[in-house]
Amino acid sequence: MRVFNAALDGSFRESRISHFKAEEAERELFRFRKEVEEQSQRQAELHSRALDAQKSVADFRECRGSVATLYESQKEDFSFPAEVAEMSGLMNGCAHAEFLVPLIEGRIRQLWDSIEVSEDKAEAGTGVGDEGAGVADGEVDQRVSSFGISLSGFLDFEL
């Protein structure tokens, strides 16, 4: 009987230890889930703050010109007609630049049309039938300045 009681006590002790370990694991899982949830909330809050900051910067950039104009308008020597004339002049400059685009495109087409392709050179193509444009290997015999564009990328409108 003592052996049976000892075995029963051992089994009961193992059961209690297993139960304790299960409860401890459950508590640890609960703490982990809570920590992950808090971290997610912090990340969401930081993300929200970042979006608000980005929106504020965009709003600032949008209204900066208006505020600068308002500040300038407070000066004694501010003239609204002069400001409008300056803006109109800037817009006319843009219109002039847009007018030059077809001229520049035409000049580029003339330069490309004058490039000869020798028949003894292999033509580059797509490899599908007769499709693809042929271009001779070699260099173009035109100066860079003749394209109307400088190496720095600025257009030369004095054609």
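In my numbering, the protein residues as written are 21 to 179.
Virtual Cβ for every residue (Gly too), placed ideally from N, Cα, C.
Is the beta carbon of residue i less than 8 Å from the beta carbon of residue j?
{"i": "GLU92", "j": "PHE100", "result": "no"}
Quick one: using the 10 Å Cβ neighbour count with 16 as the cut-off for buried, is residue i buried or exposed?
{"i": "GLY149", "result": "With a pLDDT of 48 at GLY149, under the threshold of 50, the modelled position of that residue is not reliable, and the figure given next carries that caveat. Under this definition GLY149 is an exposed residue."}
Ignore the nearest five residues each way along the sequence and tell me which others in residue i's own chain have a CB closer than 7 Å to its CB.
{"i": "SER76", "result": "none"}
{"i": "ALA42", "result": "none"}
Going by C-alpha distance, which of the options is nearest residue i?
{"i": "GLU106", "options": "VAL121, LYS95, THR89", "result": "THR89"}
Check whether the Cβ of residue i lies closer than 7 Å to any heavy atom of the ligand GDP, and answer yes or no.
{"i": "ALA64", "result": "What this structure holds is no ligand at all, so the ligand GDP is not there to describe."}
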